[in-house]
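Protein chains in written order, with the working numbering: chain A, 1 to 549; chain B, 1001 to 1362.
Report on the following structure.
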Ligand code: HEM
Ligand SMILES: [Cu+2]
């Protein structure tokens, strides 16, 4: 796997300077802040979620360092609690949820379906402003005021009067929720109305399918979250008993409402990642995606089932045994389509012609880590096991395998896959492959020990712990430092590529998607003329597709 | 060199069934994981692109047979996992009828326990090896979670409600008791110790009690708050008689029927208007904010263990004490020695109830 092979795969681009692209057709800061172009809005999102990612990452780095010693003497307990809350709130609501749909999806969705823009460009800009307002507001509340409830905001802890700035934090999250809601609405309308001629539903790339499924979840779930959080705010302000049993409310009601949103939200966080991987693997294996229809249907299946499993977060919360049985069995049901996807991706590699460019390394890393995350999810869905590992580090490890090993890996893959399209430049292959490898191994070292910790009984959200847990915690912190290097590297080589990267040309990966049939970076209106689609996606086996550029 | 925990101590009957389940899951999921990893690596090496290769790879047609088989095979495995897991879960929350009931209270940031024989402890819980213990848990503030890793058992502890779990310790020793539901600044220090003692040691420990059994304390509470003024066998039906009430169906005014479990009794004390028994008026005052959590548990224990003809009458010269229930030491859990000094506690009670009766407003 030498660099020469790889460079030779990257089609050499003519060194002609492109006259007009979405980047240079107007200039000035206002032309960005008032833009209605989905590509520019995608870039705005990209920059903002990256900032949030590093703030959230910094918060947990300090917390993780604190766990080097059992006494946790680096920072006071209160600071620790506020840091993991900051980390969780930012990573979930301001990074994982928006990152792929709003940053990458915004940029490539119209290109992938041969449209000029999203259906509702003004709403799209509004979404970004809502995101920014929500983010700034929440950050300010969490840093200046502070909140220590964890991202789950469980009542009655969160509804008691003393906890700093919980109301502003929740309002910020709700505002950001509406940003996602509008993005979802926009995507649904766009996919229905704006597909290029000939692009039937079953010719849609899987990424479009998963964005569509995600958008539906947004539309149905966000209002419930908004309602739950607003009810907490109402309770805190008016002292009407809703969730606080001291006022006559029901604390479990909050958990039901919260997870009714947040469980589907977990699928918001993973479905688009699955979509990205379904684009990358066929491209770098030069193979048609194995079982396209199964993969498409299983995306919709996951979206539907995602709404039926929320109470599997509550097996030891005091729900009835019957409820537990129902939700456990439904949880296994949702694992079936996920398993299908893993097998389909693996089968796509069979007899392929596989090259290991950076996006492919991330995609393969995704399949490996997502598989482990999914398999350990089965442990949690198994009732008898969950009564032991619930709310321990086992859970932390599991959801990081899914959300960080899965979603962040896929996002990195997607970013590296579409970067040449977005910027017109290639980045350093050597550094980017290094970063993929560092992230992969750093990830294992960080989170594998946490499974052991969890089974040994270390509860999550602990600022100090009994000494017998120390060795595993030190390993985990060491891994996290490696991981941090892996995440900071791309910042360097991607920014450098903007200036020094070689020109990418329209289709550096020789991929079949519509987005590759227009110059990079694309012109303001995406396509010089509306493409007409005559084929199924992923026809990499056709000689014509191979050579067509 | 610090000690390294690789596998947690297993010290309850449940621990063994959870560990077996773990083994099963690790073997099944491990093989699937290894299979996927093997295929990923094998395909990546075998089908890697060779220099100069230009011809596109052949198309492999999707085989629906293959796809259905890898849909149905996992589904089948999942059914086994579900059934096995459900089995362990139901066992873990279904206490044997002869379990000793111990009350536990979570509070920022400590654990308090009350034993039926009257011992109270903080951040420690003594239990006998080989005896099944049922915990009735509640919280004084926010949600906590009772977690003893060595017992592989876990239950959230909710305010204004009882949740319950049970275990049977199988190995003497001291084990961590953690709070695993985030409950505020001191969450990580809400740690206690479960001390599992051989039955003989446990009996010895029980005898160190000073206050008399929990039910006996509950009876004092019953008198102190003048519950007795309405709930008494010789009064004409102002309030239902509580003897033999526990775990029996109770018809309500609105036509429903509820089982008189801990949560019902508790609710009836704190919020009497919520479920009014058929045939009675909603005249009972609420004791919310009046009665302390410990007293509440004691009085619930009193009602729980109340046998027919045992409600003390309103006057001070009441019949035999509540504990031992039928004066038979053999019936006490784990052969605990009953409170021998009945007369002494009776005297104190008599004194209490007397002064209470004098202050009685009517
Ligand atoms: C260097 C990488 C990371 C490390 C070392 C790390 C570590 C941790 C730790 C130790 C906790 C648990 C805090 C506790 O419960 O005591 C945690 C919680 C969490 N992490 Fe991470 N994390 C990392 C990256 C991420 C990323 C990239 C995301 C999402 C994009 C993420 C999302 C979360 C969430 C949602 C929680 C739950 C917070 C809560 O308990 O309220 N983490 N992380
Ligand atoms: Cu607690």
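We treat Cβ as the ideally placed atom computed from N, Cα and C, and that holds for glycine.
This one's a predicted model, so the numbers in the text were calculated from it and none came from an experiment.
Q | Buried versus exposed call for residue 202 of chain A [16 or more other C-beta atoms within 10 Å across all chains shown] | A | exposed
Q. Looking at C-beta atoms only, is the number of pairs between the stretch 388-405 of chain A and the stretch 241-257 of chain A that lie closer than 8 Å three or more?
A. no
Q: Let me have the residue list for ligand 2: C-beta closer than 5 Å to any non-hydrogen atom, ordered along the chain.
A: B:1144, B:1179, B:1183, B:1190
Q) Excluding sequence positions up to five away, which residues of its chain have a Cβ less than 8 Å from the Cβ of residue 1242 of chain B? A) 1231, 1303, 1306, 1311
Q) Just the Cα atoms here: how many angstroms apart are residue 463 of chain A and residue 227 of chain A? A) 32 Å
Q) With 8 Å set as the bound, which would you pick, yes or no: does the beta-carbon of residue 1034 of chain B sit closer than that to a beta-carbon of chain A? A) no
Q. Residue 1148 of chain B bridges to which residues according to DSSP?
A. Within the DSSP bridge table, the entry for residue 1148 of chain B names B:1153 as partners.
(Q) List, in chain order, every chain B residue whose beta-carbon is nearer than 9 Å to that of residue 455 of chain A. (A) 1007, 1008, 1022, 1149
Q: With residue 325 of chain A as the anchor, note down where its alpha helix (DSSP H) starts and where it stops.
A: It spans 321-349 - the alpha helix (DSSP H) in which residue 325 of chain A sits, taken as one unbroken run.
Q) Measuring CA to CA, which of A:335, A:105, A:277, A:311 is closest to residue 325 of chain A? A) A:311
Q. For chain B, is any of its Cβ atoms less than 8 Å away from the one on residue 81 of chain A?
A. Chain B contact via Cβ: present.
Q) In chain A, what lies closer than 7 Å to residue 1057 of chain B by C-beta? A) Chain A residues near residue 1057 of chain B: 286, 287, 351, 352, 353, 541.
Q: Could you spell out the range, first to last residue, of the beta strand (DSSP E) harbouring residue 44 of chain A?
A: First-last for residue 44 of chain A: 38-66, but that is the alpha helix (DSSP H), not the beta strand (DSSP E).
Q: Can you tell me which of the three DSSP states residue 1380 of chain B falls into?
A: With chain B represented from 1001 up to 1362, any question about residue 1380 of chain B goes unanswered, as that position is not in the structure.
Q: Give, in chain order, every unbroken run of the alpha helix (DSSP H) that is at least 4 residues long and sits entirely within the stretch 226-311 of chain A.
A: 251-285, 292-305
Q. Taking a cut of 8 Å between CB atoms, which residues from the stretch 1167-1191 of chain B lie near chain A?
A. 1176, 1178, 1179, 1180, 1181, 1182, 1183, 1184, 1185, 1186, 1187, 1188, 1189, 1191
Q. Smallest Cα separation from residue 1032 of chain B: which of A:339, A:95, A:494?
A. Closest in C-alpha terms to residue 1032 of chain B, from the list A:339, A:95, A:494, comes A:339.
**Q.** C-beta atoms of residue 89 of chain A and residue 224 of chain A nearer than 8 Å
**A.** no
Q.
When you compare the CB positions of residue 52 of chain A and residue 94 of chain A, do they come within less than 8 Å of one another, or not?
A. yes
Q. Is residue 361 of chain A helix, strand or coil by DSSP?
A. Secondary structure at residue 361 of chain A: helix, using DSSP grouped into helix, strand and coil.
Q. Cα-Cα, which of A:345, A:251, A:492, A:222 is closest to residue 595 of chain A?
A. Residue 595 of chain A lies beyond the residue range present for chain A, which begins at 1 and ends at 549; the question has no answer from this structure.
(Q) Using only the alpha-carbon positions, how far apart do residue 278 of chain A and residue 192 of chain A sit? (A) 21 Å
Q: Kindly indicate which three-state DSSP category residue 1009 of chain B falls into: helix, strand or coil?
A: Note: residue 1009 of chain B maps to coil in three-state DSSP.
Q. What's the call for residue 1083 of chain B, buried or exposed, on a 16-neighbour Cβ count within 10 Å?
A. exposed
(Q) For a contact defined as C-beta to C-beta under 7 Å, what are the partners of residue 312 of chain A on chain B? (A) Near residue 312 of chain A there are no residues of chain B at all, since even the closest Cβ is about 11 Å away, more than 7 Å.
**Q.** Inter-residue Cα distance where the pair is residue 1190 of chain B and residue 1168 of chain B
**A.** 23 Å
Q | Endpoints, the beta strand (DSSP E) within which residue 1124 of chain B is located | A | 1124-1128
Q. Quick one: any contact between the stretch 312-320 of chain A and the stretch 285-298 of chain A, if contact means 3 or more CB pairs under 8 Å?
A. no
Q. Is there a Cβ from chain A that is less than 8 Å from the Cβ of residue 1163 of chain B?
A. yes
Q. Taking Cβ-Cβ distances shorter than 9 Å, what residues in chain B pair up with residue 525 of chain A?
A. Ordered by position in chain B, no residue passes the 9 Å Cβ test against residue 525 of chain A, which lies about 33 Å from the chain.
Q. How many angstroms separate the CA atom of residue 261 of chain A from the CA atom of residue 307 of chain A?
A. Spanning the two alpha carbons is a distance of roughly 8 Å.
Q) Among A:537, A:280, A:287, which residue has its Cα nearest to the Cα of residue 412 of chain A? A) In terms of CA proximity to residue 412 of chain A, A:280 leads the group A:537, A:280, A:287.
Q: Compare the C-alpha of residue 459 of chain A against each of B:1213, B:1072, B:1034, B:1178 and name the closest.
A: For the residues B:1213, B:1072, B:1034, B:1178, the minimum Cα distance to residue 459 of chain A belongs to B:1178.
(Q) Given this structure, state the Cα-to-Cα distance separating residue 406 of chain A from residue 264 of chain A, to the nearest angstrom. (A) 16 Å
**Q.** At least 3 beta-carbon pairs within less than 8 Å: the stretch 428-439 of chain A vs the stretch 526-546 of chain A
**A.** no
Q) Of all Cβ atoms in chain B, is any one closer than 8 Å to the Cβ of residue 385 of chain A? A) Interface residue, yes.
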